[in-house]
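Per the numbering used here, the sequence shown starts with residue 836, numbered consecutively. For each residue, glycine too, the CB sits at the ideal point set by N, CA and C.
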Amino acid sequence: MCNLKSVRVRFLFSIVSNALRAIIGFATGLLIARALNPAGYGDLMFLLGSFVAIRTLLDMGSSSAFFTFLSQRARGIKFYWIYISWLAVQFLVTLIFLWFIIPSGLFQKVWLGHNREIVLLAFAASFMQQQVWQTVGQIGEAMRKTVKVQLLNLGVALFYFIIIVILASNEQLSIQKILYVLVCQYMVATLYSYYLLRESLSDSVVDASVAGVFRDYWKYCKPLLVLSFVSFTYDFTDKWMLQKFGGATQQGYFQVASQFAAVSLLATTSILNVFWKEIASAWESQDRTRVAMLYRKVSRGLVMMGAMISGLLLPWSEQIVRIFLGAEYLNAWPVLAVMLLYPIHQSMGQIGGTMFLASGQTRKYMFVSIGVMLLSIPFTYFVLSSSTHDGLSGLEFGALGMACKMVILGIISVNVQAWIIAGFCGWKFDWLFQVVGVPLMIGLGFAAKIFVGLFWTMGNASMSKLLLLVITSSLIYVCFAMAALWRLPWLVGTDQIAVNKCISSGFQRWPFVTKLMR
């Protein structure tokens, strides 16, 4: 009988479930983008995105601490109630601040003309989606209830898609109705999840005292307090400056390009919580060999999978926009082309960030993250603004400038992160697979497109012909890519001899680790 708690089963089920959810979510996003037009879609993403940034400020690293502590060992009911109470405090403080305290003049400057009612609704929707529902997923993953968690996520995505289809077909889709749907669906899903997961909550586990729990949180989160403030400033100013200098249409171009690019992150988002759980558990038990094996295989495999997906899509950026979004979004195709490069290294960054947090290395994580974000903020201002205060001209690149910034800083930051991880874990800095693998996958994508172009013209092809050409090129590309990876298995970390050599050389300073890699 299949063991639903094994790492392999949970990885595979997460990937399959997230693939289905990504397809549904992608279709839902396209419906919303087409129905609202670029400006309306940009406004919706700005409202939701502003509260994703505020969430970072309020959270102060507590969600990472909560999941890491849960992943290390079983916890009692008291532990859960402490964190739920903290979420309630975050919600009430923000609600009171938005509703009563912030002056109207400042409110209008921050949210650029949106009324208070729609902003409060966006806050409620974002809080339910990003904080409450994320907590449900963390609890389920910590219990190794991956199958139940993924089925819940799939059900929520399907419900959302059905409601959006109904509203769009009746021409009743609006920003306000979308936000109401998000609030209601996550409230119902959260209540239902309690009944699915409650049998795994143990009354027999003895928690530390409340003071002891707070000490653990303080020790973990203290280095993350400054990071929370800087992260908020970084996230919010990025979206605010694009909305301010580029306008809602440029915001719409960037956000829809980001949605397409997120397809390349499918595998990463599918297994990130599973990876976090296993790294936290292995680190706590000092099984450094398992830590090394998981990190190397997962990081290499996910980066190359992201490169494969980006290599498949990038050469067809213009055709993808024309087929799926229509003429209104045609100017967004260069933004999409650049943004398709971003998820390749974002996969590596998310895995690296998880390594820091799951192993409790929050101080190192803070310094790396703050350094990158402080560099990013002036860079964003320069590429977006029309002119700087000292008289120097800004680039006014809009969504394209934002995409270029994300890619360049992303490559730099994740490699700095990987270098530091190699230092405190005791293995060699792993970089060669990026230099070889990523250009190889992108090049094979263009080669497949050129090969198809030798037999069919693409000039003024109809939508149906364009779609056929994209599908044909994709099949050829998959053959090229799989052949390349078969000949170069070390790119995805499946060359067992190389893995063992890396681990043994890296861990010779830890003689207590004697297990053979499973």
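Using the Cβ count rule (16 or more neighbours within 10 Å means buried), how would you classify residue i?
i, result
"W1266", "exposed"
"A1318", "exposed"
"R1131", "buried"
"K1054", "exposed"
"S1099", "buried"
"S1221", "exposed"
"H1224", "Residue confidence for H1224 is low, a pLDDT of 49 falling below 50, so the modelled location carries little weight; the figure read from the coordinates is stated next. Answer is exposed; the Cβ neighbour count stays below 16."
"R1135", "buried"
"R856", "buried"
"T1349", "Only weak support is given to the placement of T1349: the predicted model assigns it a pLDDT of 29, under 50, and the value that follows is read from those uncertain coordinates. By the 10 Å Cβ count, T1349 comes out exposed."
"I936", "exposed"
"E1231", "exposed"
"Q1121", "exposed"
"V924", "exposed"
"A1056", "At residue 1056 the sequence reads Cys, which differs from the Ala that was named. Answer is buried; the Cβ neighbour count reaches 16."
"V1270", "exposed"
"P1274", "exposed"
"A1162", "exposed"
"Q1331", "Per-residue confidence for Q1331 stands at a pLDDT of 42, beneath the threshold of 50, marking its modelled position as unreliable; no derived number is given."
"I867", "buried"
Would you kindly check if the distance between the Cβ of residue j and the Cβ of residue i is under 9 angstroms?
i, j, result
"G1087", "M880", "yes"
"A1092", "A1238", "yes"
"F1064", "L865", "no"
"S1354", "A1115", "Outside the displayed span of the chain (836 to 1353) sits residue 1354, for which this structure offers no information."
"T903", "L1059", "no"
"V1249", "M1183", "yes"
"S1066", "S1204", "yes"
"F901", "L933", "no"
"G896", "L1062", "yes"
"S1211", "Y1069", "yes"
"I919", "V1045", "no"
"L1219", "G1245", "no"
"L892", "L956", "no"
"M1076", "Y1216", "yes"
"L1031", "K983", "yes"
"F1089", "M1174", "yes"
"I998", "D878", "no"
"G1146", "Y1312", "yes"
"L1304", "Q1078", "no"
"S1020", "F994", "With the sequence shown as reference, residue 1020 is identified as Gln, and Ser is not the correct amino acid for it. The answer is yes: Cβ separation under 9 angstroms."
"L882", "V954", "yes"
"G975", "S1028", "yes"
"R1157", "L1008", "no"
"T981", "V1170", "no"
Figure out for me which residue from the options has the closest Cα to the Cα of residue i.
i, options, result
"I859", "R1033, V1061, F1095 and F1071", "F1095"
"L1310", "A992, L1031 and L1148", "L1148"
"N1005", "Y995, A870 and L933", "A870"
"I1186", "G1047, L1209 and A1253", "A1253"
"I1256", "I998, L1171 and Y1200", "Y1200"
"G1272", "V1287, F1286, C1056 and W1325", "W1325"
"S1291", "R908, S1120, V1218 and S1308", "Residue identity differs from the one stated: residue 1291 is Trp in this sequence, not Ser. With distances taken between Cα atoms, W1291 lies closest to S1308."
"R979", "S939, R908 and F1217", "R908"
"G1188", "W1111, V1313, G1161 and Q1020", "W1111"
"G1233", "E1163, T1084 and K983", "T1084"
"I1247", "T863, L1323, V1207 and T1215", "V1207"
"L1017", "F996, E1113, L1301 and C1314", "F996"
"W1118", "T1104, V1133, F1191 and A1172", "F1191"
"V1133", "F1071, P1213, L1301 and L1107", "L1107"
"P1150", "V1327, F1286, D894 and A1097", "F1286"
"F1268", "N1166, L1320 and F1071", "L1320"
"W1168", "A1162, S1152 and G1161", "S1152"
"L847", "Q985, W921 and A1172", "Q985"
"D894", "Y1052, S939 and T863", "Y1052"
Measure from the C-beta of residue i to each C-beta in chain C and report whether the shortest distance is under 9 angstroms.
i, result
"A977", "Among the chains in the structure shown there is no chain C, since it carries only a single protein chain."
Check whether the Cβ of residue i sits closer than 8 angstroms to any heavy atom of the ligand FAD, and report yes or no.
i, result
"F886", "Ligands displayed in this structure: none; no statement on the ligand FAD is therefore possible."
Three or more C-beta pairs below 8 angstroms linking the stretch 864 to 880 and the stretch 934 to 945:
no
Check whether the stretch 946 to 953 touches the stretch 899 to 919, taking contact to mean three or more Cβ pairs, one atom from each stretch, closer than 8 angstroms.
no
Examine the Cβ distances between the stretch 1168 to 1185 and the stretch 1137 to 1147 and report whether three or more of them are shorter than 8 angstroms.
yes
Do three or more CB pairs link the stretch 1116 to 1131 to the stretch 1259 to 1276 at distances below 8 angstroms?
yes
Count Cβ pairs between the stretch 1239 to 1259 and the stretch 1276 to 1283 that sit closer than 8 angstroms; are there 3 or more?
no
For the 8 angstroms Cβ check, are there 3 or more pairs between the stretch 847 to 862 and the stretch 927 to 941?
no
Is the number of C-beta pairs between the stretch 960 to 979 and the stretch 879 to 899 that are closer than 8 angstroms three or more?
yes
How do the stretch 1018 to 1032 and the stretch 989 to 1004 stand: do at least 3 beta-carbon pairs fall below 8 angstroms, yes or no?
yes
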